Structures are given as C-alpha cells and as structure tokens.
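Count along the sequence shown starting at 1, add 90, and that's the number in my numbering.
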Amino acid sequence: MKRNSIFERDEYRCVYCGDQFPADELTLDHVQPRVRGGDRSEGNLVTACKGCNTLKGHQRLSAFLHQAPDARVNFFRYAVHVWPRHLRTVRVELEMLDAEVKKA
Ligand SMILES: [Zn+2]
Numbered sequence: 091m092k093r094n095s096i097f098e099r100d101e102y103r104c105v106y107c108g109d110q111f112p113a114d115e116l117t118l119d120h121v122q123p124r125v126r127g128g129d130r131s132e133g134n135l136v137t138a139c140k141g142c143n144t145l146k147g148h149q150r151l152s153a154f155l156h157q158a159p160d161a162r163v164n165f166f167r168y169a170v171h172v173w174p175r176h177l178r179t180v181r182v183e184l185e186m187l188d189a190e191v192k193k194a
C-alpha cells in the first residue's frame, strides 16, 4: 500500500513537528497541490501527523511554513525525499514572503 510505503520512507515522522507517530495518527500531505502541477507521485508526498495537517489546513505550504518557524526548519530537515523542483518552489515562495515582511 502506497500510504504505508511513504510513512516507512519517512520513518513514521511528521515532516512539520519532527515527531514519530503510529501509522493511524499520520496522513499524507501534498507538497504542491494538484491544481499547481503537483501529482500523487512519491516526490510530491510527505508524512504529516494529523495535528500538523489540521494546523496547515488549506493554506499553501509556503504560507504555513512562513508563520510556523519550527515547522519550516523541520520540513527542510526531514522532507529529503521531495523532488528538488518542488523544494525549490517552496524556498522561492518563502523568500518572497520573507521579503514582504521586511518591507512592511
Ligand atoms: Zn506533526
């Protein structure tokens, strides 16, 4: 089953809080939503605990990481299996959000 193979790959660790959970407390999260060119391939999926997934809600990943500094650090530490082009997109979006804060 695909779900479990992603959890295994990520060592049952939520990429946002960095904690490990049993499979029934985990969910799969898309790095890039399907409407933005993301697909259901393993390079676009990460393991997230239910708590973090709820916190993230329907926000863009970059928007969520921008207002959750710990999640941002954990994501770039643990989401090592995400396709580089998706990671690049998230980094660029975060830099833009950082720049907006500096301007304000
Ligand atoms: Zn979590």
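Every residue, glycine too, gets a C-beta built ideally from N, C-alpha and C. Bear in mind that the values here come from a model prediction, so they are computed numbers and not experimental data.
Q: Measure the alpha-carbon distance for D129 versus V180 and round it to whole angstroms.
A: 15 Å
Q: Identify whether D119 lies in helix, strand or coil by the three-state DSSP scheme.
A: Of the three classes helix, strand and coil, the one that applies to D119 here is strand, per DSSP.
Q) Between the C-alpha atoms of P123 and N134, what's the straight-line distance to the nearest angstrom? A) 9 Å
Q. Relative to ligand 1, what is the chain-ordered list of residues with a Cβ closer than 5 Å to any of its non-hydrogen atoms?
A. C104, Y106, C107, C139, C142
Q.
Can you tell me which residues form a DSSP beta bridge with Q110?
A. R103
Q | Where A153 falls: helix, strand or coil (DSSP) | A | helix
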